[in-house]
Amino acid sequence: MRLSLLTIVLISSISFAQVNVTIRVIVPESTPKDAELFIAGDKPELGNWDPGLVKLNRVNESTWERSFSSPLGVRAEFKITRGSWNTQAVYEKGALPPNTVVEVQGDTVVELRPIAWSDEGIEPTGKIVGTVQYHRGLKGKGLQYDRDVIVWLPPSYEKETARRYPVLYMHDGQNVFDPGTSFIGYDWRVDDVADSLMRAGKMREIIIAGIYNSPDRTLEYSNTEKGRAYGAFLVNTLKPLIDSTYRTMPDRSNTAVMGSSMGAHISFLLSWWHPDVFSQAGCLSAAFWTPNVEADGKYRSYNDETLDEARSYTGTKKDIRIYLDNGTEGLEAELQPGVDTMKAELEKMGYAIGKDFEYFIDAKAEHNERAWAARVWRPLMFMFGKD
Numbered sequence: 022m023r024l025s026l027l028t029i030v031l032i033s034s035i036s037f038a039q040v041n042v043t044i045r046v047i048v049p050e051s052t053p054k055d056a057e058l059f060i061a062g063d064k065p066e067l068g069n070w071d072p073g074l075v076k077l078n079r080v081n082e083s084t085w086e087r088s089f090s091s092p093l094g095v096r097a098e099f100k101i102t103r104g105s106w107n108t109q110a111v112y113e114k115g116a117l118p119p120n121t122v123v124e125v126q127g128d129t130v131v132e133l134r135p136i137a138w139s140d141e142g143i144e145p146t147g148k149i150v151g152t153v154q155y156h157r158g159l160k161g162k163g164l165q166y167d168r169d170v171i172v173w174l175p176p177s178y179e180k181e182t183a184r185r186y187p188v189l190y191m192h193d194g195q196n197v198f199d200p201g202t203s204f205i206g207y208d209w210r211v212d213d214v215a216d217s218l219m220r221a222g223k224m225r226e227i228i229i230a231g232i233y234n235s236p237d238r239t240l241e242y243s244n245t246e247k248g249r250a251y252g253a254f255l256v257n258t259l260k261p262l263i264d265s266t267y268r269t270m271p272d273r274s275n276t277a278v279m280g281s282s283m284g285a286h287i288s289f290l291l292s293w294w295h296p297d298v299f300s301q302a303g304c305l306s307a308a309f310w311t312p313n314v315e316a317d318g319k320y321r322s323y324n325d326e327t328l329d330e331a332r333s334y335t336g337t338k339k340d341i342r343i344y345l346d347n348g349t350e351g352l353e354a355e356l357q358p359g360v361d362t363m364k365a366e367l368e369k370m371g372y373a374i375g376k377d378f379e380y381f382i383d384a385k386a387e388h389n390e391r392a393w394a395a396r397v398w399r400p401l402m403f404m405f406g407k408d
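Take 22 as the starting number for the sequence shown in the numbering used here and just add one per residue.
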């Protein structure tokens with residue numbers, strides 16, 4: 022039976038505020054002799070998902086490890102690589118692994134025994150379906166980092182030269198179309214899904230613009246000064262560029278935004294802040310309420326501002342359509358209170374399921390690109406489906 026998530030629960034034997042966690046990897050015989058091993062995960066000390074930043078230490082020819090000090094109660098997700106997402110550790114024949122999940126409850130050693138590496142022919146070698154164009158190094162006022170954008174063109178774009186198209190703007194653009202640039206080596210497959218729906222006549226043909234994220238991702242995708250600067254970049258820099266370069270339908274009714282996790286959070290905010298620009302928002306696994314574990318073991322959130330903004334809103338109902346969903350496993354369960362709160366607030370404002378609001382719970386789904394790829398057809402159909 023194939024497990025959807027490798028979870029290691031650390032059993033506490035000594036109760037300290039700070040405990041020691043050692044990650045040990047016993048490598049397969051196929052590992053190159055000059056290889057270096059890295060851990061890439063969802064914490065700064067784990068490299069913030071950079072696959073070639075945090076190096077493990079070689080113990081002997083077959084064993085690598087690294088130790089970390091951690092507060093009790095922390096939950097961490099990570100993968101082991103040889104420096105890139107094309108060289109992930111593989112634990113099951115023929116399949117890329119989900120993230121390893123550790124719930125820190127005491128001193129322990131986590132020992133992993135991969136059977137191979139993903140560059141040994143195990144990783145799916147997907148290619149982008151359709152035509153894409155790139156815009157490199159775009160600058161935005163108030164943004165520290167330049168931005169790359171990948172633009173996917175629908176099937177009829179090059180043939181029907183008088184036709185114009187709606188535009189969907191997506192965050193975390195490197196994860197949208199191309200497994201070679203996706204941070205876990207598995208993309209959303211939006212190109213495959215959209216192309217199939219369009220050719221089947223079930224979905225309107227649209228242009229999709231994927232905006233790459235930056236090291237400031239969390240701030241830019243939050244209800245912060247940087248978040249508003251990122252929104253202004255989309256409205257004042259990127260959208261005019263897309264509208265002047267491609268045959269778009271630039272009005273608000275044909276412009277939407279979509280993302281997952283923090284990308285879902287900023288998608289909601291962009292439609293909320295700029296309903297004159299974005300008429301629809303697709304919010305998958307939305308991080309409206311993200312719990313942080315402090316040293317005392319208590320959870321605190323840093324995204325309450327958006328929920329408060331929705332709760333305190335007393336104006337007329339905004340003319341926007343919202344798709345909202347979530348899974349049930351791991352981090353998805355921790356995000357659920359925020360998703361529930363936002364759903365309740367939208368319904369209080371008069372947003373109606375099946376009309377200008379859609380809500381879906383994906384049972385057993387985790388917080389990753391695989392899960393979003395499996396259900397991305399839902400927001401695409403909600404926003405651009407044909408009757």
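By construction, the Cβ of each residue, glycine as well, lies at the ideal position given by its N, Cα and C atoms.
Residue pairing of M224 in beta bridges, as defined by DSSP: G406. Under the criterion of beta carbons closer than 8 angstroms, V278 and F299 qualify as touching, at roughly 5 angstroms. Here S281 is bridged, per DSSP, to L305. Residue range 260-266 is occupied by the alpha helix (DSSP H) that includes I263.
Between V40 and S83, the C-beta gap is not smaller than 8 angstroms, which leaves the two residues out of contact. Closest by C-alpha distance to D408, out of G284, M224, K54, is M224.
In the three-state reduction of the DSSP assignment, K76 falls in the strand class, which pools E and B. Taking C-beta atoms under 8 angstroms as the contact rule, S235 and Y190 fail to qualify, at a distance of about 16 angstroms. The Cβ atoms of I101 and V42 lie no closer than 8 angstroms to each other.
Residue environment analysis places L74 among the exposed positions, since fewer than 16 neighbouring C-beta atoms fall within 10 angstroms of its C-beta. Between the alpha carbons of Y334 and E141 lies a gap of roughly 54 angstroms. In this structure, the straight-line span from the alpha carbon of M283 to that of Y344 is close to 15 angstroms. One Cα belongs to V111, the other to E330, and the distance between them is close to 43 angstroms.
With contact defined as three or more Cβ pairs closer than 8 angstroms, the stretch 284-303 and the stretch 235-246 are in contact. Excluding its 5 nearest sequence neighbours in each direction, D377 has C-beta neighbours in its own chain below 8 angstroms: I341, R342, I343, listed in chain order. In this structure, D383 keeps its C-beta atom at 8 angstroms or more from the C-beta atom of A394. In the three-state scheme derived from DSSP, where H, G and I count as helix and E and B as strand, D361 is classed as helix. With a cut-off of 8 angstroms on Cβ pairs, the stretch 169-183 is in contact with the stretch 146-161, counting three or more such pairs. Annotation for Y190: the continuous beta strand (DSSP E) segment containing it runs 188-191. In the DSSP assignment, R249 falls outside any beta strand (DSSP E) and lies within the alpha helix (DSSP H) extending over 246-254. Three or more beta-carbon pairs separated by less than 8 angstroms link the stretch 86-99 to the stretch 121-129, which places the two stretches in contact. Following the DSSP letters along the chain, one finds W393 inside the alpha helix (DSSP H) bounded by residues 390-396. Annotated three-state conformation of Q195 is helix, per DSSP. Between A215 and S88, the alpha-carbon positions lie close to 44 angstroms from each other. Taken through DSSP and simplified to helix, strand or coil, V150 comes out as coil. In the DSSP annotation of this structure, T239 is not part of any beta strand (DSSP E); the continuous alpha helix (DSSP H) holding it starts and ends at 238-241. DSSP places N41 within a strand segment (E or B) once states are collapsed to three. When secondary structure is reduced to three states using DSSP, V298 falls in the coil class, being assigned neither helix nor strand. Excluding its 5 nearest sequence neighbours in each direction, K247 has C-beta neighbours in its own chain below 8 angstroms: G163, L164, D237, L240, E241, listed in chain order.
In the structure shown, R342 falls within a strand segment according to DSSP collapsed to helix, strand and coil.
With 16 or more other CB atoms across the displayed protein chains lying within 10 angstroms of its CB, N347 is buried.
In this structure, W310 places its C-beta atom within 8 angstroms of the C-beta atom of T362. For H388, the closest of F403, K260, T121, P200 by C-alpha to C-alpha distance is T121. Using a Cβ distance threshold of 8 angstroms, S203 and W106 count as a contacting pair. Secondary structure of R134 (DSSP, three-state): coil. A residue is called buried when at least 16 other Cβ atoms come within 10 angstroms of its Cβ; E132 does not meet this threshold and is exposed.
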